[in-house]
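A quick write-up on the structure given underneath.
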Amino acid sequence: MPTTYRFMQRTTAFTSALTLVFFVTATVTPSIEAATPLVPAERSLVGEYVQSGRETIAQMAVLDDRTFCFAFVGGSVDLLLAGHWKLAPDGKGIQFDEVKVPKLQFPAFATPSQGGVNNTFEIDGYSMSNAVKPVFAYSATNAEPTEFRPLFAPTHNSWAERYTLPPVPAAQARYFYIGSAENDPDAPYGSAARNGPKRHKVVQYELRGPGKVLVGFNAEQNLIDLSQPARMLGDTLHLSAQPLAKRRPISSERAEEAREGCIRPIFALAAGKTPTGGQEGENTNPDLKGRAELVPIKTFYVDPARIKGAPWFSAKEF
25 MPTTYRFMQR TTAFTSALTL VFFVTATVTP SIEAATPLVP AERSLVGEYV QSGRETIAQM
85 AVLDDRTFCF AFVGGSVDLL LAGHWKLAPD GKGIQFDEVK VPKLQFPAFA TPSQGGVNNT
145 FEIDGYSMSN AVKPVFAYSA TNAEPTEFRP LFAPTHNSWA ERYTLPPVPA AQARYFYIGS
205 AENDPDAPYG SAARNGPKRH KVVQYELRGP GKVLVGFNAE QNLIDLSQPA RMLGDTLHLS
265 AQPLAKRRPI SSERAEEARE GCIRPIFALA AGKTPTGGQE GENTNPDLKG RAELVPIKTF
325 YVDPARIKGA PWFSAKEF
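Numbering (this note's numbering) for the sequence shown: 25 to 342.
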């Protein structure tokens, strides 16, 4: 039985962190541009695709106004994506253009240390296990480090809840940098630069004094890649070369449910509007109590040649 499309925005990367749930009404949704009539090749793609497993469910609604909603529920992760779709350039698949709501890729939370002299960095192991080749560095000045060290050994396959770096004098770690490998979304479709990690995206934070910093990873970033055209093989939709589900007709009620509970609220947030009628949940995560969420001051890209040195955490620590 398909789940209900509804909008849920996780505000942190951690499994029990604050979740905001919005019950959306039409008064808060921006208009969706009227679509020109679909050609037969487009109409053959409209429908609903549902894949369910023992602990997960993924579903995609491809609508006749050329919008879509992708929903995933599994374990601690609730993910909704929305945007527009069109035929792929070769006319043999779907190209999804996601409407992105800004989210921090590496959420960081700081607890000031009254009278302390050091900064201590904690890495949330469970969420960071989803990052691709994560790297870390710190510096005394605003200048970018010349090198970034891997957080973990490349052969690790077991994760602890927390990894703590040795304390470092606060004056030496006024800035810290956390990043991970990714492909280049601006590269041409099918190119090696688009299909494989060719750079590291790094986020820079500033610390105003001694304290303890908890850093995690937004696991939603790596759950699905919509940058590649999806393919229809027979009546089965394939995302990133993996089968999702067979197409089936979508009722008008289910289509409107996807618009109201997913597409319109995501479009509204991306446009800087806040859905009304929502109710903020309580932050019951004890790890975040008393911690202030940090705001990145810079995001930049690093060539893999600058990733050098021994991992911060060696294999023997796993």
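All C-beta atoms in this analysis are idealised placements derived from N, C-alpha and C, irrespective of residue type, glycine included.
Beta bridge counterpart(s) of residue i as assigned by DSSP
{"i": "proline 136", "result": "Gly235"}
{"i": "aspartate 102", "result": "Val97"}
{"i": "isoleucine 321", "result": "BP columns for isoleucine 321 are empty, so no partner."}
{"i": "aspartate 121", "result": "His108"}
{"i": "arginine 173", "result": "Phe160"}
{"i": "isoleucine 81", "result": "Ser76 and Val97"}
{"i": "serine 338", "result": "Paired residue(s): none; serine 338 is not in a bridge."}
{"i": "isoleucine 331", "result": "Phe172"}
{"i": "proline 193", "result": "Asn142"}
{"i": "lysine 225", "result": "Ser204 and Tyr325"}
{"i": "threonine 260", "result": "Leu257 and Lys270"}
{"i": "threonine 91", "result": "His108"}
{"i": "valine 70", "result": "Answer is none; valine 70 lacks a bridge partner."}
Cβ neighbours of residue i in the same chain (closer than 6 Å, five flanking residues each side left out)
{"i": "leucine 105", "result": "Phe94 and Glu122"}
{"i": "proline 335", "result": "Pro174, Phe176 and Ala177"}
{"i": "arginine 255", "result": "Gly117 and His262"}
{"i": "leucine 238", "result": "Phe133 and Glu146"}
{"i": "threonine 323", "result": "Val227"}
{"i": "threonine 135", "result": "Gly235, Lys236, Gly314 and Arg315"}
{"i": "glutamine 119", "result": "Lys110, Ala112 and Pro253"}
{"i": "isoleucine 331", "result": "Val159 and Phe172"}
{"i": "glycine 140", "result": "Pro234"}
{"i": "isoleucine 287", "result": "Thr91, Cys93 and Ala106"}
{"i": "tyrosine 213", "result": "Summary for tyrosine 213: the model assigns pLDDT 49, below 50, so the residue's position carries little reliability; its value from the coordinates is reported in the next sentence. Closer than 6 Å at Cβ, skipping near neighbours: no residue."}
Rounded C-alpha distance that separates residue i from residue j
{"i": "alanine 184", "j": "glycine 149", "result": "6 Å"}
{"i": "leucine 198", "j": "threonine 170", "result": "The question names leucine, but residue 198 in the sequence shown is arginine. So the two alpha carbons sit approximately 16 Å from each other."}
{"i": "glycine 107", "j": "asparagine 142", "result": "45 Å"}
{"i": "arginine 90", "j": "lysine 127", "result": "25 Å"}
{"i": "threonine 260", "j": "threonine 188", "result": "45 Å"}
{"i": "proline 190", "j": "isoleucine 321", "result": "24 Å"}
{"i": "glutamate 230", "j": "threonine 60", "result": "48 Å"}
{"i": "isoleucine 248", "j": "arginine 283", "result": "20 Å"}
{"i": "valine 97", "j": "valine 63", "result": "33 Å"}
{"i": "glutamate 281", "j": "histidine 224", "result": "38 Å"}
{"i": "serine 350", "j": "alanine 85", "result": "Lying outside 25 to 342, the shown extent of the chain, residue 350 is not represented and no answer is given."}
{"i": "threonine 53", "j": "proline 253", "result": "The predicted model places threonine 53 with a pLDDT of 38, which falls under 50 and marks its position as unreliable, so this point remains unresolved."}
{"i": "glycine 296", "j": "glycine 285", "result": "17 Å"}
{"i": "isoleucine 115", "j": "glutamate 66", "result": "Reading the sequence as shown, one finds glycine at residue 115 and not isoleucine. Going by the C-alpha atoms only, they are around 9 Å apart."}
{"i": "glutamate 168", "j": "phenylalanine 200", "result": "10 Å"}
{"i": "glutamine 129", "j": "aspartate 102", "result": "16 Å"}
{"i": "leucine 250", "j": "alanine 265", "result": "11 Å"}
{"i": "valine 192", "j": "threonine 144", "result": "7 Å"}
{"i": "arginine 232", "j": "glycine 77", "result": "46 Å"}
Cβ-Cβ separation, residue j to residue i (assumed contact under 8 Å), whole Å
{"i": "valine 326", "j": "glycine 203", "result": "7 Å"}
{"i": "glutamine 75", "j": "leucine 268", "result": "5 Å"}
{"i": "asparagine 154", "j": "phenylalanine 241", "result": "6 Å"}
{"i": "alanine 294", "j": "lysine 124", "result": "6 Å"}
{"i": "serine 137", "j": "lysine 270", "result": "With a Cβ gap of about 56 Å, serine 137 and lysine 270 do not count as contacting."}
{"i": "glutamate 317", "j": "proline 131", "result": "7 Å"}
{"i": "leucine 87", "j": "alanine 279", "result": "5 Å"}
{"i": "serine 151", "j": "alanine 243", "result": "5 Å"}
Close Cβ partners of residue i (< 7 Å) along its chain, the five nearest in sequence each way excluded
{"i": "glycine 333", "result": "Glu171 and Arg173"}
{"i": "serine 338", "result": "Ala177"}
{"i": "isoleucine 290", "result": "Phe31, Leu104, Ala106, Val123 and Val125"}
Same chain only: Cβ atoms within 8 Å of residue i, ignoring 5 sequence neighbours per side
{"i": "alanine 329", "result": "none"}
Proximity test, residue i beta-carbon vs the ligand NAP heavy atom, cut-off 6 Å
{"i": "serine 338", "result": "In terms of ligand content, the structure shown is empty, and the ligand NAP therefore cannot be addressed."}
*asked:* Can you confirm whether the region 158 to 169 touches the region 188 to 197 when touching is taken to mean that 3 or more C-beta pairs between the two stretches lie within less than 8 Å?
replied: In short, these stretches touch, since the Cβ pair count reaches three.
_Tell me whether the region 64 to 74 and the region 272 to 280 touch, counting them as touching only if at least three CB pairs, one residue from each stretch, are closer than 8 Å._
Yes: the two stretches touch, three or more of their Cβ pairs being nearer than 8 Å.
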